[in-house]
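J.: Chains as they are written, first to last, in our numbering: chain H, 147 to 652; chain B, 33 to 602; chain G, 6 to 116; chain Z, 17 to 514. Built from N, CA and C at the ideal position, the CB exists for glycine as well.
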Amino acid sequence: MTVFQFSSPAWMVCPVILPLIAGLLCFLFSHRTFAIALAAALTNLLVVCLLTGQLLVFGPMRCHMGGWQPPLGITLRTDGPALLMLLMTAVTGLAITLYARGYFSYRISDPRRAGRHQRQQRYFWPLWMLLLAGLNGLFLSNDVFNVYVTLELIGISAASLAALSGKPASLLASFRYLLVSLLGSLTYLFGIVFLYRSNGVLDLGLLQNLAANGLGIRTALVLMSVGLLLKTALFPLHFWLPPAHANALAPVSAILSALVVKGSFYMLFRFWFEIFPSTITQPTLNFMGTLGAVAVLWGAVQAIRQHRLKLMVAYSTVSQLGYLFIAFPLARVDGGIPVWSIVIFIALAHACAKSAMFMAAGTVFLHLGHDRIKDLSGVRASLPITVFAYGIAGVSLMGLPPSGGFVGKWLLLTASLGSSQWWWALVVITGSLLASIYVFRVMSRLFVIPEGFSLKKSEPHFRLLEWPALALALISLFLGLAASWPLHILVHGTTTLAQVFVGGLP
Amino acid sequence: MISAELQAMGHALFLSLVAGTPLLMAAACCTPMKKTVVHFLPLAAVPALVVAMTAPVGLVAEIGWFFMGGRMGLDEIGRIFLCLSGFIWLLASFSSRSMLKHNRNQTQYLFFFLTSMCGNFGLILARGLLGYYLFFALMSFAAYGLIIQKGTEKARKAGRIYLVLVMIGEVALFTALIILVYSTGSLAIDDIAGAVHQPLVFALLFIGFGVKIGALPLHGWMVPAYQEAPIPAAAALAGAMVNAGILGWLRFLPLGLTSYPQGGLFFIAAGALAAVYGVITGLYHKQAGAVLGCSSISQMGLITVIFGLGLVDHEAGLHATPVLILYVVHHSLTKSSLFFGYDLAASRGRILSHLQVSAILLPALALAGLPLTGGAIAKSAFKQLTVTLGEPWYGLSTFFLPITAMGTTMLMLHFICLLRDTEKRGNSERAGSGIIFTVSFIATAITLWLWPAAGFFVSNSLSWTKFWQALWPVAGGCLLFLAWRRFFIREKQTLDDVKKQTIFDIVLFRFGNLLQEKEWQTTQQGRFISYLSGFVPQLRRSEKIMGRWKVVGLSYLLLCLCMLFLLLRL
Amino acid sequence: MITTLIYSLTGLILFGMGFFTLIIHSHPLRKILAVNVMSTGVFLILVATAYIPLGEGEIDPVPHAMVLTGIVVSVSVTALALILACRIQETSNSSLPGRKQQGEVPEESIR
Amino acid sequence: MNWGQWLLVSILLSSFIPGIIIFGLPEEKHRLRTVLNICGSIAKIALVLIMDIGVYFGHIFEIRLSIIPGVELLLNGDPLSALFATLSSVLWLLTTVYAVGYLEGSPNRSHFFGYFSLCVTVTIGIALAGNLVTFLLFYEMLTLTTYPLVIHRGTEKSQRAGGNYLIYAFSGGAAFLFAVVSLQTIVGPVDFSAAGFPSSFIESHGAALILIFILLIIGVGVKAALVPLHGWLPQAMVAPAPVSALLHAVAVVKAGAFGIIRIVLDVYGPQNLLLLGVLPLLGGVASITILYGSIRALQQDDLKRRLAFSTISQVSYIALGMSLADQPLAVIGGLVHLVHQGLMKITLFFCAGNLAETLGIHRISEMNGVARRMPFTMAAFSVGALGMIGIPPTVGFVSKWYLGLGGLAAGNWWVVAVLAVSSLLNACYFLPILTRAWFGKQQEPWPEEQYIGRFETRLMLLVPPLITAFIVIAAGVVANAQVSPLAWVRFIVRGYTL
């Protein structure tokens with residue numbers, strides 16, 4: 147069968163189909179949910195690795211669904227950025243799957259609310275698998291409308307996941323999240339209308355070749371971008387993110403912060419720099435950069451003033467997302483680093499670090515029953531690995547070497563100073579400093595074992611709660627040292643992109 | 033080849049033994065072998081004497097690895113100084129040994145005694161600049177331990193004044209040496225001496241070594257230190273360690289090499305002032321050790337004058353060196369024998385026999401220049417030097433020398449009077465203090481007569497005019513003293529230098545207290561934090577406002593419009 | 006042509022009305038309805054678009070497919086939103102102010 | 017990989033692996049932990065010595081790891097890094113022994129020793145760093161690994177001190193990062209090399225290069241505690257004594273000073289700096305720091321605080337030496353003070369720790385007559401203090417001597433004046449301690465006296481300061497020998513064409 151050959155483009159269907167099937171199976175067989183989800187996550191990782199190999203051997207590939215060619219049919223395609231995002235999702239997803247298992251087992255082991263927690267677990271797995279399918283689909287799609295569908299899929303499952311804990315605060319937050327995500331996708335859809343009206347094409351590849359420059363395209367771009375910005379929670383549209391992320395269950399927070407916001411950002415970035423680079427003007431880029439800069443500072447300052455650990459981590463996401471946008475005005479540096487690598491690095495490092503941090507925060511919450519920052523002392527004695535993971539993740543968020551965050555910030559700094567736009571560099575550095583404050587405000591509590599502190603002996607101990615976080619944190623830490631691998635994949639997969647960035651812009 | 037190396041090593045070992053023996057013994061006294069060390073204490077000074085007697089002149093040993101290039105050697109001047117110091121240290125260690133038999137703080141005293149001895153011998157042998165500095169510092173700091181030995185409040189204050197001045201001296205010396213080495217590019221003393229040209233270096237060297245000899249503005253430590261230190265230690269201080277300053281000047285200043293009139297004048301002025309000052313303050317002291325300290329200030333002032341005279345003129349410089357050495361030898365022997373006499377008196381209490389008093393009187397008046405004593409010889413040599421210089425120095429000296437001689441006579445008589453009133457210290461008579469005094473007395477009496485190098489000056493002083501010139505100031509001094517005792521002395525007119533605080537003490541030790549510790553950092557940080565925390569409610573409020581749907585919708589629309597505008601602007 | 010314009014304008018107005026309601030009104034149900042109105046507006050424009058490109062009598066099937074998909078999505082999202090709104094209603098009725106869970110944010114309103 | 021590269025890696029691993037294992041060890045297994053620590057540090061010393069010999073005979077030790085274009089990790093064994101690595105590894109062994117004795121019976125030792133080992137790994141990394149990026153990497157990691165040690169006691173005060181430390185350190189790190197990136201965009205990737213970057217850049221980017229230099233110095237100056245960036249150091253005194261010793265003598269402050277050396281000698285190069293004319297600025301800051309630190313030290317009654325201000329003052333000697341970078345003698349003085357200050361200061365801190373641990377003495381006013389109770393400790397303390405003043409034959413004199421000569425050679429008389437005044441001030445704040453301890457009379461019982469061990473205190477607390485005190489004298493006495501810090505520094509300076 148040619149379909150299962152190494153060179154077959156049909157492999158790229160798997161990352162979408164597998165989690166989808168797994169989600170359905172989870173729904174059906176509610177006793178084997180973890181096994182099914184784990185199998186799906188593992189297979190997903192394997193397939194993504196295979197796709198990466200494919201990319202390295204054959205270069206970017208396309209898969210026309212059902213054999214229909216672009217104007218009508220839907221196309222999936224792999225290239226460097228898409229694969230890196232897929233890899234990120236697969237690795238983080240696997241870790242989150244393991245962590246979620248530990249998380250729910252721990253909660254169910256508490257006899258008081260076992261029933262409620264079991265119910266939560268039952269709904270978590272199928273929703274998570276759906277979300278995974280949606281994300282993979284988003285990264286792979288090469289079709290504007292297909293992107294809308296996957297966005298909606300992500301939005302629905304993410305909002306449901308966020309509501310899972312059932313507490314009033316989380317219900318409110320997830321309701322708002324749902325509305326925001328709807329508003330965003332509707333705006334996006336509105337943009338598609340304009341796009342289709344002026345071009346009559348939905349395939350990204352075709353759109354890219356058209357490179358039309360009319361009013362319709364611009365309006366479409368604005369609408370689609372603003373919709374995606376809302377979903378990405380760029381300042382000043384970040385209002386929904388902290389409550390939604392902070393009030394969700396810990397694995398859900400990790401998923402939302404690490405992966406979901408990246409999805410919409412990824413599409414935004416593609417539109418701006420791959421599909422319509424000729425439409426974008428430098429002032430627009432500067433505008434985005436400014437918003438990003440404000441987000442970095444605002445988010446960090448808000449994170450510093452929080453009294454709850456999870457809210458703090460959530461605001462830190464607002465701040466970190468800002469970095470992604472600071473890369474915008476730096477995209478046109480002549481002969482500099484491809485802007486993709488900056489963004490990808492920040493995104494990868496942030497995904498690993500943030501999910502590790504949320505997992506650690508969740509474990510701490512489970513352990514103490516609260517996450518008030520000022521009462522966190524002594525956690526280190528009982529959860530050394532978690533605290534360690536938190537610390538390492540914090541290092542990456544602060545952008546200290548050798549973490550992946552450092553490489554991302556280094557690239558940002560090099561680009562901004564290389565193009566004499568030093569103000570971005572100042573923002574980046576100030577942001578890191580603020581990050582160090584909010585990370586260490588917690589750290590100083592976590593690290594301290596107060597005098598006369600005694601260990602609670604009878605704590606049940608779940609390795610799955612601690613090790614996945616540490617693993618992800620370590621990955622984010624050593625991403626910096628292994629930075630040449632992602633770059634290799636990126637460069638290999640984006641020969642066309644590279645042409646665009648190095649000199650193709652007006 | 034090998035034998036030459038062996039010989040060099042032998043020389044090095046031979047010379048290092050001089051300073052090494054006291055050092056090793058100092059190390060040993062920190063171990064349980066303390067008693068043995070006390071017993072063999074005088075042995076520490078023996079190698080110095082042996083080397084001084086036997087070693088050939090010009091013996092030089094290089095120890096390259098030692099402290100940035102060690103270089104030891106014995107020259108003619110060094111031999112005289114070594115001999116002198118060795119002798120005085122030997123006597124002092126005998127005296128210390130008898131003292132230590134009844135002392136509890138043995139270790140401390142022994143350690144500092146031996147390390148100062150090591151420093152003193154080492155600096156005499158040092159032919160390298162850094163070596164000299166090293167041993168000089170070792171000696172200076174170790175002497176602090178001797179001064180403070182008694183542990184009383186007074187002793188500690190004396191020690192503190194000493195320490196402050198020593199520190200100033202050290203720093204000045206360091207600065208001077210570093211400038212010298214920089215300007216000559218050499219670490220050997222022989223290359224340095226001719227190189228002092230800048231007034232700054234000159235002044236620094238004056239301060240650096242001047243502290244040791246109690247030159248005028250830096251004399252503050254001397255009186256309290258002599259007063260408070262145990263007598264054997266004070267003898268070593270006055271007889272041996274003081275000379276390190278003179279030796280330093282001899283080694284580093286260009287005496288006899290070039291003339292340096294301004295410097296010479298400065299030395300003369302400082303020295304003459306010190307000579308008078310020492311006498312005048314000394315008469316007001318009520319303690320024998322303090323009087324001896326004042327006399328040292330005065331005598332060192334005279335030596336400074338000689339040095340200054342040598343600096344004024346190149347020709348005179350050549351003549352000044354032997355005079356200087358003569359004077360140093362005379363003063364050291366005399367002063368140490370006075371101290372040992374004081375020791376004798378202190379150990380006996382009031383029951384000194386007339387013989388003993390008159391025996392002490394001899395060195396005392398020798399210091400004033402009684403005819404047929406070393407003092408007369410030294411003074412005539414001094415006058416001889418002024419003769420070679422010519423006017424105005426000769427005229428000044430005929431006026432100045434008798435005055436100091438009279439002053440010294442008065443001072444010494446005052447000392448003898450005090451000695452007779454000395455209360456007995458210690459609970460038992462110390463064996464051997466009589467013998468020690470006798471030995472030093474004999475040495476004082478005959479050294480200059482038997483010393484071949486001094487022969488010229490000795491014969492020079494043996495004429496009737498010289499005899500008369502030496503005698504009348506002493507006689508006049510005696511009369512003046514009697515008159516002074518009769519008419520002027522009052523009980524309350526005493527000076528107690530220990531109670532005074534020197535200006536350095538105030539400046540340096542109180543410096544820290546003057547500046548009140550202000551925790552400005554914490555207050556600043558506190559202010560900053562409170563300033564920041566004023567923002568927190570505003571932050572929370574604005575974040576809340578941004579979360580309202582109306583605001584969100586508005587910003588959403590604004591964002592759309594902004595982007596559209598920016599995109600369409602082109 | 007005019008028809009298309011009318012349809013499109015109507016769709017635009019619907020979208021605007023929905024957006025306005027969404028941000029002005031605080032009641033969950035109104036918000037859900039507002040979103041539905043908005044999506045209807047977009048669908049209307051899409052359908053109108055389908056009429057233009059291929060000349061007389063023929064219509065473009067792609068927008069139709071999109072609208073259909075959109076409707077499906079919209080329905081499911083509305084269902085989810087309604088359920089959430091119900092749950093919020095229940096919990097806000099049942100939970101008294103004093104019974105807040107440990108470690109929760111002070112409740113922030115949907116407004 | 018050749019053996020040299022393995023050597024570099026194993027030098028780093030020799031403390032990293034014990035550190036990681038110690039983290040996993042249960043609290044009770046202190047014997048195993050001690051064995052691990054000691055073995056690791058001895059192995060490290062052996063490896064570093066091998067490297068020293070290799071460096072002396074001209075072997076090139078180098079590992080490169082390219083991260084992204086323009087960013088390369090480079091570990092490099094040159095004479096300068098060998099100097100710092102040897103110092104750190106030797107002092108680490110002593111500090112470890114001391115820490116084992118000091119923390120006997122206290123909680124959380126696994127944690128403590130784990131970070132202790134990591135901290136030394138990172139310090140060695142700083143020593144071996146071959147370019148600015150690698151230096152930055154380890155420099156930031158140093159902040160992270162020392163922070164848990166600073167807040168080890170867990171009190172409110174120590175947390176505040178730790179927070180302050182972080183704010184200072186990260187701000188410095190941020191300035192450093194900014195400067196490194198700016199420099200790279202102007203002159204391209206800079207490896208540490210004797211020549212610095214090509215002087216052609218000075219004409220085109222003079223102002224920017226000056227600004228970058230200032231930022232770099234600010235970056236490392238925070239750790240080197242240059243005034244006005246010194247605020248964290250006295251506060252960090254709340255940490256246990258071995259940590260203070262580590263901070264002051266081995267790791268943090270030293271890393272900052274080492275950074276100044278690297279920037280001046282290897283990044284910019286003396287010639288470039290002369291052209292830019294920024295060296296007087298550094299000299300001015302260093303001089304002010306020297307005097308300010310001494311004056312502030314005078315005001316302290318808390319022993320460790322006084323020592324901390326003394327560190328501020330003393331470390332700036334290194335900066336002072338570097339500010340005369342065109343004078344080989346001054347460079348020798350600055351470099352050798354890196355070693356000498358470490359030896360002296362670690363002695364002093366060990367002794368202060370002994371006093372606190374054995375007798376509960378924290379203030380100088382409580383020290384009357386303490387030397388009679390603890391003669392060996394105070395003897396070591398005295399040696400260290402006299403060294404700080406610069407009394408021969410201690411090592412402190414050697415550094416001052418070369419600095420002074422270099423200052424004169426550069427025609428800067430004020431350098432000698434600063435040295436002289438600083439020596440006086442040092443004497444003013446150290447000699448009273450000594451006189452109190454040796455000649456003072458004990459007036460009241462010691463605050464918290466414990467009788468531990470056969471000697472005046474535990475043997476493990478006593479031996480390290482005695483060893484370092486011995487080295488303080490010995491290294492001064494044999495300064496001119498074939499093997500001595502000074503000889504090695506001369507060997508380093510020979511590599512620069514000054």
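Out of H:Ile-302, H:Cys-498 and H:Gly-261, which has the shortest C-alpha to C-alpha gap to H:Ala-615?
T.: If you number the first sequence from 1, residue 615 of chain H lands on position 469. If we check each option's Cα against that of H:Ala-615, H:Cys-498 comes out closest.
J.: Taking its Cβ as the centre, do 16 or more other Cβ atoms sit within 10 Å of H:Arg-343, making it buried, or is it exposed?
T.: Counting from one through the first sequence, the residue named residue 343 of chain H turns up at place 197. It counts as buried.
J.: If you measure between the beta carbons of H:Ile-363 and H:Thr-436, is that distance less than 8 Å?
T.: Residue 363 of chain H sits at position 217 when you count from the first residue of the first sequence. Residue 436 of chain H sits at position 290 when you count from the first residue of the first sequence. No, the pair does not count as a contact, with Cβ atoms beyond the cut-off.
J.: Measuring alpha carbon to alpha carbon, tell me which residue in H:Arg-416, H:Ala-441, H:Ala-495 and H:Leu-387 is nearest H:Leu-457.
T.: Here residue 457 of chain H refers to the residue found at position 311 of the first sequence. Comparing Cα-Cα distances from H:Leu-457 to each of H:Arg-416, H:Ala-441, H:Ala-495 and H:Leu-387, the minimum goes to H:Leu-387.
J.: Going by DSSP, which residues form a beta bridge with B:Glu-94?
T.: Locating residue 94 of chain B in the second sequence gives position 62, where the first residue counts as 1. The partner list for B:Glu-94 (beta bridge, DSSP) reads B:Arg-103.
J.: Determine the closest residue to H:Leu-284 out of H:Tyr-249, H:Gly-213, H:Leu-229 and H:Ser-320, with distance taken between C-alpha atoms.
T.: Locating residue 284 of chain H in the first sequence gives position 138, counting from the first residue. Selected option, being the one with the closest Cα: H:Leu-229.
J.: So if I threshold CB-CB distances at 8 Å, which residues from the segment 295-308 of chain H count as touching chain G?
T.: Residues passing the 8 Å Cβ filter: Val-295, Glu-298, Gly-301, Ile-302, Ala-305 and Ser-306.
J.: From the DSSP output, in three-state form, read off H:Ser-287 for me.
T.: For the purposes of this step, residue 287 of chain H is identified with residue 141 of the first sequence, where counting begins at 1. Strand.
J.: Tell me the residue span of the alpha helix (DSSP H) that contains Z:Phe-77.
T.: Counting from 1 along the fourth sequence, the entry for residue 77 of chain Z is found at position 61. That residue, Z:Phe-77, is in no alpha helix (DSSP H); its beta strand (DSSP E) goes 77-84.
J.: Would you list, in sequence order, the uninterrupted beta strand (DSSP E) runs of no fewer than 3 residues that lie entirely inside the segment 25-91 of chain Z?
T.: Entirely contained in the segment 25-91 of chain Z, the beta strand (DSSP E) runs reaching 3 residues are, in chain order, 77-84.
J.: With H, G and I counted as helix, E and B as strand and the rest as coil, what does DSSP make of H:Ala-507?
T.: Within the first sequence, the letter at position 361 stands for residue 507 of chain H. Of the three classes helix, strand and coil, the one that applies to H:Ala-507 here is helix, per DSSP.
J.: Apart from the five residues on each side of it in sequence, which residues of its chain come closer than 7 Å, Cβ to Cβ, to H:Asp-289?
T.: Reading the first sequence from its first residue, position 143 is the one you call residue 289 of chain H. Only Ile-220, Thr-221, Leu-348, Asp-349 and Leu-350 meet the Cβ criterion.
J.: How is H:Thr-642 classed by DSSP in three states: helix, strand or coil?
T.: Locating residue 642 of chain H in the first sequence gives position 496, counting from the first residue. With a pLDDT of 45 at H:Thr-642, under the threshold of 50, the modelled position of that residue is not reliable, and no figure is offered here.
J.: Taking Cβ positions only, does H:Ser-371 come closer than 8 Å to chain G?
T.: Locating residue 371 of chain H in the first sequence gives position 225, counting from the first residue. H:Ser-371 does not count as touching chain G.
J.: Mapping DSSP to helix, strand and coil, what is H:Thr-463?
T.: Taking the first sequence and counting its residues from 1, one reaches residue 463 of chain H at position 317. Looking at H:Thr-463 - three-state DSSP - the assignment turns out to be helix.
J.: Among B:Asp-222, B:Arg-188 and B:Leu-297, whose alpha-carbon lies nearest the alpha-carbon of B:Phe-234?
T.: The residue given as residue 234 of chain B occupies position 202 in the second sequence. Among B:Asp-222, B:Arg-188 and B:Leu-297, the Cα nearest to that of B:Phe-234 belongs to B:Leu-297.
J.: First and last residue of the beta strand (DSSP E) that includes H:Thr-224?
T.: As a working mapping, residue 224 of chain H is identified with position 78 in the first sequence. H:Thr-224 -> beta strand (DSSP E) spans 221-224.
J.: Going residue by residue through the segment 400-454 of chain Z, where are the continuous alpha helix (DSSP H) segments of at least 4 residues, counting only ones entirely within it?
T.: Segments of the alpha helix (DSSP H) lying fully in the segment 400-454 of chain Z: 411-425.
J.: Check B:Leu-590 in the structure and name its three-state DSSP category.
T.: To locate residue 590 of chain B, count along the second sequence from 1; it is residue 558. Helix at B:Leu-590.
J.: Under DSSP, the beta strand (DSSP E) around B:Cys-326 begins and ends at which residues?
T.: Locating residue 326 of chain B in the second sequence gives position 294, counting from the first residue. Counting along the chain, B:Cys-326 falls outside any beta strand (DSSP E), though it belongs to the alpha helix (DSSP H) covering 320-344.
J.: Using the three-state DSSP reduction, which class does Z:Asp-282 fall into: helix, strand or coil?
T.: Within the fourth sequence, residue 282 of chain Z is the residue found at index 266, counting from 1. Here Z:Asp-282 sits in helix by DSSP.
J.: Residues of chain B with CB under 9 Å from H:Leu-376, in chain order?
T.: Counting from one through the first sequence, the residue named residue 376 of chain H turns up at place 230. Val-584, Tyr-588 and Leu-591, listed in chain order.
J.: With DSSP run on the structure shown, which of helix, strand or coil describes Z:Val-390?
T.: Position 374 of the fourth sequence holds residue 390 of chain Z. Rather than Val, the amino acid found at residue 390 of chain Z in this sequence is Met. The answer is coil: DSSP assigns Z:Met-390 none of H, G, I, E or B.
J.: Compare the C-beta of B:Gly-191 with all C-beta atoms of chain Z and state if any pair is closer than 8 Å.
T.: Residue mapping note: residue 191 of chain B aligns to position 159 of the second sequence, counting from 1. For B:Gly-191, the answer is yes, since a Cβ of chain Z falls inside 8 Å of its Cβ.
J.: Taking contact to mean at least 3 C-beta pairs separated by less than 8 Å, is the segment 400-419 of chain Z in contact with the segment 160-180 of chain B?
T.: Output reads yes: the segment 160-180 of chain B touches the segment 400-419 of chain Z.
J.: Using a beta-carbon distance below 8 Å, is H:Thr-463 in contact with chain B?
T.: Position 317 of the first sequence, counted from the first residue, corresponds to residue 463 of chain H. No, no contact with chain B.
J.: Between H:Val-326, H:Ala-404, H:Leu-402 and H:Phe-471, which lies nearest to B:Lys-582 when the distance is taken from Cα to Cα?
T.: Locating residue 582 of chain B in the second sequence gives position 550, counting from the first residue. Ranking H:Val-326, H:Ala-404, H:Leu-402 and H:Phe-471 by Cα distance to B:Lys-582 puts H:Val-326 first.
J.: In chain B, which residues lie with their C-beta within 9 Å of the C-beta of G:Phe-1?
T.: The requested residue 1 of chain G is not part of the displayed model; chain G covers only 6 to 116.
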